[in-house]
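Heads up: the structure comes next, in structure tokens.
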Amino acid sequence: MYRKIRALRPFLIQGYIIKVVAITDVGQGRVMPGTGLAEFRSKYQAIVLKPVGDESLFQFNGEVVDASVTNVNKMGFFAEVGPLSIFVSSHLLPIDYKFQPDANPPEFVSATDNIVKGRKVRLRVVGTRVDANEIVSGSQKLTSSSPSGP
690 MYRKIRALRP FLIQGYIIKV VAITDVGQGR VMPGTGLAEF RSKYQAIVLK PVGDESLFQF
750 NGEVVDASVT NVNKMGFFAE VGPLSIFVSS HLLPIDYKFQ PDANPPEFVS ATDNIVKGRK
810 VRLRVVGTRV DANEIVSGSQ KLTSSSPSGP
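For any residue, its number in our numbering is found by taking its place in the sequence shown, counting from 1, and adding 689.
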């Protein structure tokens, strides 16, 4: 049940379910005709990534988050914080980062650091938009660290 709840598409008003903390009540079940599966009405407590008021205004705009890089290309890189997909434009990277198109996998490199898939980075969220199936943010890179730690 925990996996199914976490896998649900985003709720624009209630928010994304990040983790089910506790199941507080499980009602009487009913068998679904033709499948043999049972359905239960349940109440649970959960940690959610939630919009505040207007669905396009999220509580983490301006927040600093730790993210994991998922894709790097010449335009910038994508990172994820739970269900939140973040794009960092190459224009928002510090000036000493240069894209290395011949590297495998592609990466941004500076004199002291690199940004590559799997790397942990610290970002400041600068804008958020809501699509039908996801929340997408733009961000500015602050720091990065080794793939094994934040």
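For every residue, glycine included, the Cβ atom is placed at its ideal position computed from N, Cα and C.
Bear in mind that the values here come from a model prediction, so they are computed numbers and not experimental data.
Delimiting residues of the beta strand (DSSP E) encompassing residue i
i          : result
valine 805 : No beta strand (DSSP E) contains valine 805, which DSSP labels as neither H nor E.
serine 799 : Taken as a continuous stretch (DSSP letters only), serine 799 belongs to no beta strand (DSSP E), as it is neither H nor E.
Beta-carbon proximity of residue i to residue j, cut-off 9 Å
i            : j              : result
alanine 735  : isoleucine 707 : yes
serine 778   : glycine 765    : yes
valine 753   : lysine 806     : no
glycine 751  : serine 731     : no
valine 810   : aspartate 755  : yes
tyrosine 733 : threonine 759  : no
glycine 718  : alanine 711    : no
leucine 781  : isoleucine 804 : no
Residue(s) in a DSSP beta bridge with residue i
i              : result
asparagine 760 : Phe767
serine 778     : Gly765
alanine 727    : Val720
isoleucine 736 : Lys708
threonine 713  : Answer by DSSP bridge pairing: none, since threonine 713 is not bridged.
valine 815     : According to DSSP, valine 815 bridges with nothing at all.
aspartate 755  : Arg811
Integer-rounded CB distance, given that residue j should sit under 8 Å from residue i
i                 : j            : result
leucine 812       : leucine 773  : Their Cβ separation, rounded to whole angstroms, is 10 Å, which puts leucine 812 and leucine 773 out of contact at 8 Å.
valine 798        : tyrosine 786 : 7 Å
phenylalanine 788 : lysine 763   : 5 Å
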